[in-house]
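Mapped onto the UniProt record's numbering, the consecutive letters of the sequence shown carry residue numbers 1 to 368. Note that CB positions come from ideal geometry on N, CA and C, so glycine has one too. See below for the structure under consideration.
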Amino acid sequence: MPTDEAISKIEKVLNMNFHEYFEMAKKIDIMFNEFLDSLFYHDDSNDLFKTRITNGKINSIINFSFGKAQLIEYIILVLDENFEKARLMESSLLEYFNSDFECKAIIYQYIGLSHRIEKHYDKAIYYFEKAMSMTINRKNKAMLCLHSSIAYKDIGNIAKAMFCIEEAHRIFSEYGSLKRVAYCFIEQALLLKSNFQYKESISYFNIAIKALEMIDCSESLYAKVYRNMCWTMILAGDYKRGLEYLEEAIEIEPKHGFTVLYAIWCNYKLQNYQEAERWIEANIDLHNNVEYGSFYELFDLLVKCREGVPSAKSVNLVTKIIENFKQGEEYERVNFYIDIALDLLNRSGNELEKIKYLEMKVNLTRNF
1 MPTDEAISKI EKVLNMNFHE YFEMAKKIDI MFNEFLDSLF YHDDSNDLFK
51 TRITNGKINS IINFSFGKAQ LIEYIILVLD ENFEKARLME SSLLEYFNSD
101 FECKAIIYQY IGLSHRIEKH YDKAIYYFEK AMSMTINRKN KAMLCLHSSI
151 AYKDIGNIAK AMFCIEEAHR IFSEYGSLKR VAYCFIEQAL LLKSNFQYKE
201 SISYFNIAIK ALEMIDCSES LYAKVYRNMC WTMILAGDYK RGLEYLEEAI
251 EIEPKHGFTV LYAIWCNYKL QNYQEAERWI EANIDLHNNV EYGSFYELFD
301 LLVKCREGVP SAKSVNLVTK IIENFKQGEE YERVNFYIDI ALDLLNRSGN
351 ELEKIKYLEM KVNLTRNF
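Shown next, in the form of structure tokens:
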């Protein structure tokens with residue numbers, strides 16, 4: 001064991017104080033655990049931790065940008081969707097935490113999350129499964145299950161998605177993370193919807209709303225839930241109830257793209273053509289919107305056509321919309337627009353093209 005004199009000489013050579021170094025390491029370790037808890041309880045404290053790390057770098061004579069402090073920075077970059085900068089840190093973090101399987105699992109989890117956000121679902125699931133094989137900490141497992149569930153849902157693997165969200169729900173409940181529990185109810189409702197269990201889905205959405213009332217959440221989230229309830233009823237073919245749920249979203253976000261589209265569609269299907277036209281005319285700016293423009297244009301053409309023979313323009317547009325959806329992504333919406341294509345082709349008497357979309361629908365259902 002080195003003497004105090006030997007330690008002092010080493011410190012002079014390295015220009016560092018071991019005691020200060022270990023004290024700083026302890027502080028960073030505490031901060032890291034607090035950060036993970038803030039994610040688990042969804043406290044929206046990322047800006048606070050950014051400030052703490054910045055202040056640590058400024059005020060500490062010891063390098064503050066190492067280990068778990070750097071891992072916090074990396075996670076925040078991923079959550080901020082600054083993937084280019086985050087990916088520059090990944091190899092050094094994996095090397096640093098090579099023998100720390102729990103931290104390594106966290107890195108893999110957020111690599112996976114970055115790919116899920118970018119809709120690279122196969123890569124996302126690969127990293128989520130890699131992380132799952134390493135993690136033991138139950139709180140980390142809950143976050144991983146939550147992220148995994150959404151990825152599995154996006155590729156249509158409802159069974160795995162439901163297994164993951166139920167496991168996440170159990171752990172969030174066990175540790176009293178009410179915000180995360182509320183979000184789990186929403187995700188479970190979305191999964192039930194995707195599994196054609198529309199009545200059960202609405203029940204879970206209603207439970208989610210009750211849970212959201214108990215926490216501090218944005219009005220925008222309420223609007224999103226009600227829009228999803230409307231979408232569930234659209235899929236179920238109950239357009240009247242769909243409009244009833246949409247009324248709640250209209251109160252909060254009347255100009256949101258999906259609010260407008262769902263209002264047009266429900267009124268169109270109920271043959272409330274004048275009301276559908278009113279929504280179209282009041283939201284003409286959506287025509288040039290990158291995200292919603294093609295859907296808005298299609299619905300405009302459908303309302304103008306009403307029950308008549310559709311124009312070639314509307315058939316070509318719905319075909320383009322279907323082609324623009326990525327393979328394996330947004331199953332429900334692909335299926336929804338295939339149904340529109342089939343209806344238009346049936347009304348225009350194009351049997352050959354109709355067979356093509358019937359086969360596409362069968363293959364989509366089989367893969368799902």
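Indicate the three-state DSSP secondary structure (helix, strand or coil) for V225 in the structure shown.
DSSP places V225 in helix when its eight states are reduced to three.
Go ahead and pull the three-state DSSP assignment for L352.
Looking at L352 - three-state DSSP - the assignment turns out to be helix.
Flag V225 as yes when its Cβ comes closer than 7 Å to any non-hydrogen atom of the ligand ZN, and as no otherwise.
In the structure on display, the ligand ZN does not appear, and there are no ligands present to speak of.
Report all residues from its chain with a CB closer than 8 Å to the CB of N350; omit the five preceding and five following residues, and keep chain order.
Counting only Cβ-Cβ distances below 8 Å, and skipping sequence neighbours, we find V315.
When burial is assigned at 16 or more other CB atoms within 10 Å of the CB, is E187 buried or exposed?
Classification for E187: buried.
Are the region 139–155 and the region 115–131 touching, with three or more C-beta to C-beta distances below 8 Å?
Yes, they touch.
Let me know the secondary structure DSSP gives F325 once reduced to three states.
Three-state result, F325: coil.
Out of I202, T365, K179 and H115, point me to the one whose CA is closest to A189's CA.
Answer by Cα proximity: I202.
Beta-carbon within less than 8 Å of L317's beta-carbon, same chain only, minus the 5 sequence neighbours each way: which residues are those?
The answer, listed in chain order, is S294, E297, L298 and L301.
When burial is assigned at 16 or more other CB atoms within 10 Å of the CB, is N140 buried or exposed?
Buried, by the Cβ-count rule.
Could you check what DSSP says for N140 in three-state terms: helix, strand or coil?
Helix at N140.
CB-CB under 7 Å to R306, same chain, minus the five flanking residues each way: which ones, in chain order?
Excluding positions up to five away in sequence, the list reads Y273.
Are there 16 or more other CB atoms within 10 angstroms of the CB of L344, so buried, or fewer, so exposed?
Buried, because 16 or more other Cβ atoms sit within 10 Å of the Cβ of L344.
Tell me which residues share the same chain as N46 and place their Cβ nearer than 6 Å to its Cβ, disregarding the 5 neighbours each side in the sequence.
Cβ within range, chain order: I76.
From A142, A159 and I338, pick the residue whose C-alpha is nearest to that of K361; which is it?
Selected option, being the one with the closest Cα: I338.
Where do the ends of the alpha helix (DSSP H) carrying D285 lie?
Segment: none, D285 is in no alpha helix (DSSP H) and carries neither H nor E.
Can you tell me the Cα-Cα spacing of S114 and V309, whole angstroms?
Cα-Cα distance, rounded: 45 Å.
Take E323 and list the residues in its own chain whose beta-carbon comes closer than 6 Å to its own, dropping the five residues that flank it on each side.
So no residue of the chain qualifies.
What are the start and end residues of each continuous alpha helix (DSSP H) run of 4 or more residues lying completely inside the region 292–317, in chain order?
With a minimum length of 4 residues, the continuous alpha helix (DSSP H) runs that stay inside the region 292–317 are 293–305.
Taking all protein chains shown into account, do 16 or more other C-beta atoms lie within 10 angstroms of the C-beta of S220, making it buried, or fewer, making it exposed?
When all chains shown are included, S220 counts as exposed.
Please state whether DSSP places F49 in a helix, a strand or coil.
Helix.
Please list, in chain order, all residues of the same chain as H147 whose beta carbon is under 6 Å from its beta carbon, the five residues on each side excluded.
Same-chain partners within the cutoff: L113.
Taking the beta carbon of H169 as the centre, do at least 16 other beta carbons fall within 10 Å, making it buried, or is it exposed?
Buried: at least 16 other Cβ atoms inside 10 Å.
Out of curiosity, what's the CA-to-CA distance linking F325 and I207?
Distance between the alpha carbons of F325 and I207 is about 32 Å.
Spatial neighbours of Y331 within its chain, please: CB distance less than 8 Å, with the 5 preceding and 5 following residues excluded, ordered by chain position.
Here the set comprises G156, S194, L364 and F368.
Taking the alpha carbon of N335 as the reference point, which residue from E359, R347 and K313 has its own alpha carbon closest?
Ranking E359, R347 and K313 by Cα distance to N335 puts E359 first.
Please list the terminal residues of the continuous alpha helix (DSSP H) segment that includes H115.
Looking at the DSSP string, the run of the alpha helix (DSSP H) that includes H115 is F101 to I117.
Which class does S133 belong to by DSSP, given the choice of helix, strand or coil?
Here S133 sits in coil by DSSP.
Is it buried or exposed for A51, if we count other Cβ within 10 angstroms and need 16 for buried?
Reading the sequence as shown, one finds Thr at residue 51 and not Ala. The residue in question, T51, is exposed, as its Cβ has fewer than 16 Cβ neighbours within 10 Å.
Could you tell me whether the Cβ atoms of L246 and Y226 are closer together than 8 Å?
In contact: L246 and Y226 (Cβ atoms closer than 8 Å).
Rounding to the nearest angstrom, what Cα-Cα distance links I100 and S91 in this structure?
Checking the sequence shown, residue 100 turns out to be Asp, not Ile. C-alpha separation (whole angstroms): 14 Å.
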